[in-house]
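Asker: My structure is below; once you've seen it, I'll send some questions.
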Amino acid sequence: MKNSIQHIRAFLTVAHTGSFAKAALELNLSPSALTVQIQQLEEWLGVALLERSPRQVSLTAAGQNNRGPMEKLLLDLDNIVSGSRDLAALRRGVVTIAALPSMCSGTLPPLLKTFREQFPGVEVRLRDVVAQRIDSLVREGEVDFGLGVRARMGHGLTFEVVMVDRLSLFVPADHPLARERSITLQALAGQPIILTGRDSSVRERVEQLFAEEGLALTPGLEANYMSTVMALVRQGLGMTLLPESADEGRGDLIQVRVEHPGVCREIGLITRAGVGLSPAAQRFVETMKNALSPQNL
Numbered sequence: 001m002k003n004s005i006q007h008i009r010a011f012l013t014v015a016h017t018g019s020f021a022k023a024a025l026e027l028n029l030s031p032s033a034l035t036v037q038i039q040q041l042e043e044w045l046g047v048a049l050l051e052r053s054p055r056q057v058s059l060t061a062a063g064q065n066n067r068g069p070m071e072k073l074l075l076d077l078d079n080i081v082s083g084s085r086d087l088a089a090l091r092r093g094v095v096t097i098a099a100l101p102s103m104c105s106g107t108l109p110p111l112l113k114t115f116r117e118q119f120p121g122v123e124v125r126l127r128d129v130v131a132q133r134i135d136s137l138v139r140e141g142e143v144d145f146g147l148g149v150r151a152r153m154g155h156g157l158t159f160e161v162v163m164v165d166r167l168s169l170f171v172p173a174d175h176p177l178a179r180e181r182s183i184t185l186q187a188l189a190g191q192p193i194i195l196t197g198r199d200s201s202v203r204e205r206v207e208q209l210f211a212e213e214g215l216a217l218t219p220g221l222e223a224n225y226m227s228t229v230m231a232l233v234r235q236g237l238g239m240t241l242l243p244e245s246a247d248e249g250r251g252d253l254i255q256v257r258v259e260h261p262g263v264c265r266e267i268g269l270i271t272r273a274g275v276g277l278s279p280a281a282q283r284f285v286e287t288m289k290n291a292l293s294p295q296n297l
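Just so you know, we're using full-length UniProt numbering here: the sequence shown kicks off at 1 and counts up by one.
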């Protein structure tokens with residue numbers, strides 16, 4: 001392939017200069033080497049491309065017909081090489097991520113800002129979806145990777161822990177429990193709790209925790225998005241159990257630590273087994289891992 005491209009470039013240079021001598025000089029070849037390349041190209045194509053005379057070089061009918069397509073071929077190839085080098089150097093590219101809503105509202109925005117500052121030419125597309133949908137999007141190749149909870153990692157998916165998130169109790173500042181440094185699940189049994197939607201991994205984990213302890217979980221209001229749940233708590237309509245990463249940093253809600261080992265959950269990188277990431281996606285993952293490493297938290 002490489003020799004074929006060299007031979008095509010040699011032919012086009014002769015066609016452009018109208019001279020073997022000038023073309024050989026431009027290509028830094030000896031006239032005999034250039035002649036051999038043209039002959040090999042003509043043998044490969046099975047047609048004569050050039051008519052040679054002591055005074056000039058002209059194109060045959062086949063040479064005229066092939067000149068345009070060959071010029072386009074080299075231009076397309078140059079664009080491919082240039083584009084690939086830009087991608088490798090992260091001058092441009094696209095990274096598509098499927099992540100839990102809690103990650104999208106808390107952990108990811110600072111990471112996106114850092115990544116954009118370092119690689120302004122790379123576009124990041126973020127899809128905030130529930131845990132089950134993340135697995136589907138990764139498996140179907142609609143996103144480069146996912147950030148979610150460990151699920152069934154069969155069916156061609158891998159899971160690598162990148163951080164541990166902890167469920168906390170969120171209450172308004174004037175709530176009686178706001179003065180507590182920590183609280184047990186038993187103390188929350190029977191009290192109305194604002195919950196996320198039934199397809200949420202957080203809702204699933206909260207229900208599982210209460211069930212494992214044999215405690216009554218009393219649903220208060222319910223909303224699909226954690227931002228909506230937080231707004232309801234902010235209005236004094238109840239309390240909620242959400243990941244620490246869901247904290248919007250507004251300072252008007254109090255986090256109370258829940259004393260139970262099961263409130264910690266692993267958040268991981270979900271990828272397709274045996275499929276490598278693009279240079280841009282790989283660099284984003286490296287940026288994320290560095291930011292989330294224990295010494296940087």
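Backbone N, C-alpha and C define an ideal beta-carbon position, used for all residues, glycine too.
Span of the alpha helix (DSSP H) holding aspartate 135?
Answerer: 131-139
Asker: In the stretch 201-242, which residue ranges form an unbroken alpha helix (DSSP H) of at least 4 residues, counting only runs that do not cross its ends?
Answerer: 201-212, 226-234
Asker: Check the DSSP bridge columns for methionine 163 and list the partner residues they point to.
Answerer: Ile267
Asker: List the whole-angstrom C-beta distance separating glutamate 71 from valine 164, where the pair is believed to meet the contact cut-off of C-beta under 8 Å.
Answerer: Rounded, the Cβ-Cβ distance is 58 Å, inconsistent with contact.
Asker: Give the secondary structure of alanine 48 by DSSP, where H, G and I count as helix, E and B as strand, and everything else as coil.
Answerer: DSSP places alanine 48 in coil when its eight states are reduced to three.
Asker: I need the DSSP call for proline 120, collapsed to helix, strand or coil.
Answerer: coil
Asker: Give me, in chain order, the residues of the same chain whose beta-carbon lies closer than 7 Å to that of arginine 190; leave out the 5 immediate sequence neighbours on both sides.
Answerer: Note that residue 190 is glycine in the sequence shown, not arginine. Here the set comprises Ala216, Thr218.
Asker: Measure the beta-carbon distance from valine 143 to leucine 157 and round it to whole angstroms, keeping in mind my assumption that it falls under 8 Å.
Answerer: Contact flag wrong, Cβ pair sits at about 12 Å.
Asker: Rounding to the nearest angstrom, what Cα-Cα distance links glycine 46 and valine 275 in this structure?
Answerer: 41 Å
Asker: On the three-state DSSP scale, how would you describe leucine 195?
Answerer: The answer is strand: DSSP assigns leucine 195 an E or B state.
Asker: Under a Cβ-count criterion, where at least 16 other Cβ atoms within 10 Å of its own Cβ denotes burial, should alanine 23 be classed as buried or exposed?
Answerer: buried
Asker: Going by beta-carbon coordinates alone, are isoleucine 183 and valine 258 separated by less than 8 Å?
Answerer: yes
Asker: What is the residue span of the alpha helix (DSSP H) that leucine 25 lies within?
Answerer: 20-27
Asker: Sort Phe119, His260, Pro172 by Cα distance to isoleucine 193 and report the nearest one.
Answerer: Pro172
Asker: Helix, strand or coil for glutamine 255, going by three-state DSSP, please let me know.
Answerer: The DSSP-derived three-state label of glutamine 255 is strand.
Asker: Could you give the DSSP three-state label for residue 364: helix, strand or coil?
Answerer: Here the chain comprises residues numbered 1 to 297, so residue 364 is not present and cannot be evaluated.
Asker: When you compare only the Cα positions, how much space is there between phenylalanine 11 and isoleucine 38?
Answerer: Between phenylalanine 11 and isoleucine 38, the alpha-carbon positions lie close to 6 Å from each other.
Asker: Pull up the DSSP beta-bridge partners for aspartate 128, would you.
Answerer: Aspartate 128 is bridged to Ala99.
Asker: Are the stretch 193-206 and the stretch 230-244 touching by the rule of at least three beta carbon pairs closer than 8 Å?
Answerer: yes
Asker: Need the endpoints of the alpha helix (DSSP H) that leucine 188 sits in, please.
Answerer: 185-188
Asker: Okay, do the stretch 110-123 and the stretch 223-235 touch, 3+ Cβ pairs below 8 Å being the bar?
Answerer: no
Asker: With C-beta atoms as the reference, is phenylalanine 159 less than 8 Å away from leucine 185?
Answerer: no
Asker: When we look at the beta-carbon of isoleucine 5 and count the other beta-carbons within 10 Å, is it buried (16 or more) or exposed?
Answerer: exposed
Asker: State the start and end residues of the unbroken beta strand (DSSP E) segment that holds valine 57.
Answerer: Looking at the DSSP string, the run of the beta strand (DSSP E) that includes valine 57 is 57-59.
Asker: Where does leucine 41 fall in DSSP's three states?
Answerer: The answer is helix: DSSP assigns leucine 41 an H, G or I state.
Asker: According to the Cβ coordinates, are glycine 146 and aspartate 135 closer than 8 Å?
Answerer: A contact, by the Cβ cut-off of 8 Å.
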